[in-house]
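Worksheet: one structure, shown below.
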Amino acid sequence: MLVVDDDPALARAMKINLEARGYRVTTTRDAGSALRAVAELDVDLVLLDLGLPDRDGLEVVAGVRGWSKVPVVVLSARHTTDDKVEALDAGADDYVTKPFEMHELLARIRAALRHSATEPTTLVVEVGDLVVDLRRSTVTRAGEPVRLTPKEWALLEVLARRPGELVTQAELLSEVWGPGYERETHYLRVYLATLRRKLEPQPAQPRYLLTEPGRGYRLDVGAGPDPS
């Protein structure tokens, strides 16, 4: 379990209480360290304060959700309904307002762990001669790094998180551009075209980034390398 809080006294108290109940606990004090810990350690749950010194905790939630299903329970002194909705919409699994009772927090932890995914998250997706590393936000083609714009990466990331699955046009537009863009399908045509130019051996005859007309797109993990 990872505890992310810049209050050393609170983090230490939580570590003592949680370890007394059998949990293995690592603590960090800022967003950068938290993201590295989630990527490098075997973390089964994150307890996350939103008021971090280097960036807002919501950015940590968004960063983790880019490639991991690890449960995230927010612990914050922000108590308005809007704060809670924003955190949950960003991908948090639960929201506990400070100050809190330890028995309540333990109950929330148990619930989050029960509901967490049992299958390990795929961090690296290989498609033909492409390697998409969701943890490092990188893609290589035949071993060479490919430079993508933020929107191009966001689009590829959504497809790579669901390898082989059809992702609808509305889902892609909502995740990459946000709510309200679900009908802007021309965005997808433009950005898929640029992705194919960068990633496909023959962009006019795509093998990796496939279109299902009128429905959506999929990243075809069954495609082998270019036979030519």
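For the sequence shown, the tail end lands on 216 under the working numbering, and the numbers increase by one without skipping. C-beta atoms are modelled at their ideal positions from N, C-alpha and C, and glycine is treated no differently. Keep in mind that this is a model prediction, so the values were computed, not measured.
**Helix, strand or coil at residue 14 according to DSSP, with G and I counted as helix** = Looking up residue 14 in the sequence shown gives position 26. Three-state result, residue 14: strand.
**Request:** Could you spell out where the alpha helix (DSSP H) holding residue 20 opens and where it closes?
**Result:** The residue given as residue 20 occupies position 32 in the sequence shown. 19 to 28 is the span of the alpha helix (DSSP H), which, as asked, contains residue 20.
**Item:** Nearest-angstrom beta carbon gap, residue 60 and residue 34 [assumed within contact, 8 Å]
**Value:** Position 46 of the sequence shown, counted from the first residue, corresponds to residue 34. Position 72 of the sequence shown, counted from the first residue, corresponds to residue 60. Yes, residue 34 and residue 60 are in contact; Cβ-Cβ is about 5 Å, under 8 Å.
**Message:** So for residue 126, helix, strand or coil by DSSP?
**Reply:** Counted from its first residue, the sequence shown places residue 126 at position 138. The answer is strand: DSSP assigns residue 126 an E or B state.
**Request:** Go ahead and pull the three-state DSSP assignment for residue 83.
**Result:** For this step, residue 83 is matched to residue 95 along the sequence shown. Strand, per DSSP.
**Asked** From residue 107 to residue 19, what does the alpha carbon distance come to, in whole angstroms?
**Response** For the purposes of this step, residue 107 is taken as the residue at position 119 of the sequence shown. For the purposes of this step, residue 19 is taken as the residue at position 31 of the sequence shown. Note that residue 107 scores 45 on pLDDT, short of 50, meaning its location in the model is unreliable; the coordinates nonetheless yield the value given after this. Cα to Cα, residue 107 sits roughly 26 Å from residue 19.
**Message:** Could you tell me the alpha carbon to alpha carbon distance between residue 29 and residue 135, rounded to whole angstroms?
**Reply:** On the sequence shown, residue 29 is found 41 positions in, with the first residue counted as 1. On the sequence shown, residue 135 is found 147 positions in, with the first residue counted as 1. If you take the alpha carbons of residue 29 and residue 135, they lie about 28 Å apart.
**Between the CA atoms of residue 36 and residue 139 - distance to the nearest angstrom** = Along the sequence shown, one-based indexing puts residue 139 at 151. Along the sequence shown, one-based indexing puts residue 36 at 48. Those two C-alpha atoms are separated by around 27 Å.
**Contact under 8 Å by Cβ, residue 80 with residue 62** = Translated into the one-based positions of the sequence shown, residue 80 becomes position 92. Translated into the one-based positions of the sequence shown, residue 62 becomes position 74. Cβ distance < 8 Å, so residue 80 and residue 62 count as in contact.
**Prompt:** If you drop the 5 nearest sequence neighbours on each side, which residues of the same chain put their C-beta closer than 6 Å to that of residue 158?
**Reply:** Taking the first residue of the sequence shown as 1, we reach residue 158 at position 170. Excluding residues within five positions, the ones whose Cβ falls inside 6 Å are 170.
**Item:** In DSSP terms, what residue 292 is bridged to
**Value:** Lying before the first or after the last residue shown, residue 292 is absent from the chain, which here runs from -11 to 216.
**Request:** Decide yes or no for the touch test of the segment 171 to 188 against the segment 83 to 92: beta carbon pairs closer than 8 Å, at least 3 of them.
**Result:** no
**Asked** What's the C-alpha gap between residue -5 and residue 38?
**Response** Sequence index remark: in the sequence shown, residue -5 carries index 7 (1-based). Sequence index remark: in the sequence shown, residue 38 carries index 50 (1-based). The alpha-carbon atoms of residue -5 and residue 38 are separated by roughly 12 Å.
**Prompt:** Who pairs with residue 64 in a beta bridge, going by DSSP?
**Reply:** The count along the sequence shown starts at 1 and reaches residue 64 at position 76. Bridge partners of residue 64: 85.
**Prompt:** How many angstroms separate the CA atom of residue 72 from the CA atom of residue 66?
**Reply:** As a working note, residue 72 is residue 84 in the sequence shown. As a working note, residue 66 is residue 78 in the sequence shown. Whole-angstrom Cα-Cα distance: 8 Å.
**Message:** Buried or exposed, going by whether 16 or more other CB atoms sit within 10 Å of the CB of residue 154?
**Reply:** Position 166 of the sequence shown, counted from the start, is the residue given in the question as residue 154. Exposed is the call here.
**For residue 85 and residue 53, the rounded distance between their alpha carbons** = Within the sequence shown, the letter at position 65 stands for residue 53. Within the sequence shown, the letter at position 97 stands for residue 85. C-alpha separation (whole angstroms): 21 Å.
**Item:** Residue nearest to residue 2 in terms of C-alpha spacing, selected from 87, 55 and 129
**Value:** Position 14 of the sequence shown, counting from 1, holds the residue named residue 2. Of the listed residues, the one whose Cα sits closest to residue 2 is 87.
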